[in-house]
Each structure stands twice: as C-alpha cells, then as structure tokens.
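Residue numbering for the sequence shown follows the working numbering, beginning at 176 and increasing consecutively. Beneath this line is the structure, given in structure tokens, with notes to follow.
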Amino acid sequence: MGAQWGIRDLQDWASLPVLLFVITLLAFLATPVFNGVSRHFEHEADRYGLEVIHGIVDNPNQVAAHYFQKSGEKIYPIRPQRIRQNLVLRPPHRPERVHFVATYNPWSSARSPST
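Written as structure tokens, this is what we have:
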C-alpha cells in the first residue's frame, strides 16, 4: 500500500505517520493486558503488606481496610464499569481491595502466608 500512499520505502519520511498510527493502535489494544498485569502486582503488594504488618499492628485487616476505604473515596470511583476498569484504571477498584484485605487471613487455618 506504500505506492498508493506515496511512500517509496521505509526510510521515506512519509512512512512516519503510518508507523506512529500502527504503534498507537498496538499500544491501545495492549492496554487491557498491561492493566491486568498491573492489577495483579497491586494485589500481590496488598498481600505482602498484610503479611508484613501481621503481629506488629493490632488487627491489620481492619487497619488496611480502613486505609483503602478512606484513600479510595478521593481517588477511585466506587463501581467503574468493567470496560472502563480494564482500559483506564490500573489498580483494582476499592470494593475489591477492601474485601480482600478484610478477609485475608492465612494464619487462622494451618496455611502459611504466600511468599
């Protein structure tokens, strides 16, 4: 299609807009994947934080849930649509984080924390 667009070869400056368009399109299509990976690492960071403060802070689950509730009220919407969450938002939204930190307790049963 280069001849139809007036592009002689890859070194031609006229190919730059096409290259930028292709890169932009690929980045847009890859955004949900990147955001999913980011949410996974954020979840693991939440887990690590709970395990680090276990035994140091009284009731670490309640402290973490209170923190996410208060900080999330100013930063993240309460119920983003799934499409918007996958395309725009990186961290898990507030209700998911609060539920996780409120219920995560590997020490209550004979399980050990993840490493």
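Where a beta carbon is used, it is the ideal one built from N, C-alpha and C, also for glycine. Please read these numbers as outputs of a predicted model, since none were measured by experiment.
query                                                                                                                                                                  : result
For V273, count neighbouring C-beta atoms within 10 Å of its own C-beta (all shown protein chains included) and say buried if the count is 16 or more, exposed if not. : buried
From the DSSP output, which residues share a beta bridge with H274?                                                                                                    : Answer is none; H274 lacks a bridge partner.
Assuming H215 is part of the alpha helix (DSSP H), what are its boundary residues?                                                                                     : L191 to I228
Inspect the CB distances between the segment 195-213 and the segment 234-247 and report whether three or more fall short of 8 Å.                                       : no
For Y279, is the classification buried or exposed, using 16 other Cβ atoms within 10 angstroms of its Cβ as the cut-off for buried?                                    : buried
Between the C-alpha atoms of V276 and A189, what's the straight-line distance to the nearest angstrom?                                                                 : 53 Å
Between V292 and S213, what straight-line distance do the alpha-carbon atoms span, to the nearest angstrom?                                                            : What is shown of the chain runs 176 to 290, which leaves residue 292 out entirely.
What does the alpha-carbon distance come out to for the pair K245 and G224?                                                                                            : 17 Å
Using 8 Å for Cβ pairs, my map puts H218 next to W282. What's the rounded Cβ distance?                                                                                 : About 19 Å separates the two Cβ atoms, so there is no contact after all.
Can you grab the Cα-Cα spacing for the pair L191 / P270, in whole Å?                                                                                                   : 44 Å
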